[in-house]
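For reference, the structure is listed below as structure tokens.
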Amino acid sequence: MRGMTEDDARAALANASDSERELMAVPTAFLILDWDHMDFVAWRDPRTRDRAYLIVELDGHPTGIMLRAATGSSRARAGVCNICHTMQPADQVTMFTARRGGKAGERGDGIGTYMCADLTCHDAVRLAAPLAPGEVRGDVNHRLDGTRRRAEDFVRRVLEDA
Numbered sequence: 469m470r471g472m473t474e475d476d477a478r479a480a481l482a483n484a485s486d487s488e489r490e491l492m493a494v495p496t497a498f499l500i501l502d503w504d505h506m507d508f509v510a511w512r513d514p515r516t517r518d519r520a521y522l523i524v525e526l527d528g529h530p531t532g533i534m535l536r537a538a539t540g541s542s543r544a545r546a547g548v549c550n551i552c553h554t555m556q557p558a559d560q561v562t563m564f565t566a567r568r569g570g571k572a573g574e575r576g577d578g579i580g581t582y583m584c585a586d587l588t589c590h591d592a593v594r595l596a597a598p599l600a601p602g603e604v605r606g607d608v609n610h611r612l613d614g615t616r617r618r619a620e621d622f623v624r625r626v627l628e629d630a
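Everything in the sequence shown is counted per our numbering, starting at 469 for the first residue and increasing by one.
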């Protein structure tokens, strides 16, 4: 992924209003990311924990979406992130929703998926040892490619009518 500034990240948000872009805050680590090793970037807003962002490269351009984290708790014991396919304790997987692009978003339509609550999918796929009993880990490169593809596909689904 090509390096980005905070302004680049704001401009990449395709489902956010101008005022929502202005409110976006990046974590301190954003300034020191090793962009050559990033397949996508995701973070929770340090000022408002229920707001999050996911930026991928689509057709060579950074394209991002603003997400909202669900509040509340689950009775489940474990969950699987739909982006990195990592099994986590239930409190470490959260439903994130995004307002759709285009007219669907203007009507209030959204789409959601379960993701790692701290949005560290990029790091989770690099772990060598299984995280849960019976969890099978494939080749790291295969996992990285799948994680990047699923993140890109989610962004595409959110914006498909935009």
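Beta carbons: idealized from backbone N, C-alpha and C, even for Gly. No experiment lies behind these values; they were computed from the predicted model shown.
Residue i vs residue j beta-carbon contact at 7 Å
i, j, result
"A566", "V626", "yes"
"M506", "M469", "yes"
"R618", "I551", "yes"
Helix, strand or coil at residue i [DSSP, three-state]
i, result
"R470", "coil"
"I551", "coil"
"A477", "helix"
"T632", "Past the edges of the chain, shown from 469 to 630, lies residue 632, and the structure says nothing about it."
"R545", "coil"
Close beta carbons around residue i, own chain, < 7 Å, minus the five adjacent residues each side
i, result
"M563", "A538, G580, Y582"
"A631", "Any answer about residue 631 is impossible in this case: the structure gives the chain only from 469 up to 630."
Own chain residues within Cβ distance below 8 Å of residue i, not counting five before or after
i, result
"V548", "T554, M555, Q556, V561, Y582"
Contact set for residue i: own chain, Cβ-Cβ below 6 Å, skip 5 residues either direction
i, result
"I533", "N483, L522, A566, V623, V626"
"W503", "M469, G471"
"A510", "L522, L587"
"H590", "none"
N-terminal and C-terminal residue of the beta strand (DSSP E) that residue i is part of
i, result
"A572", "Taken as a continuous stretch (DSSP letters only), A572 belongs to no beta strand (DSSP E), being part of the alpha helix (DSSP H) at 570-574."
"F508", "Premise fails: F508 is in no beta strand (DSSP E) and is neither H nor E."
"F564", "561-567"
"R519", "519-526"
"G578", "578-584"
Terminal residues of the alpha helix (DSSP H) in which residue i lies
i, result
"R489", "486-491"
"T615", "608-627"
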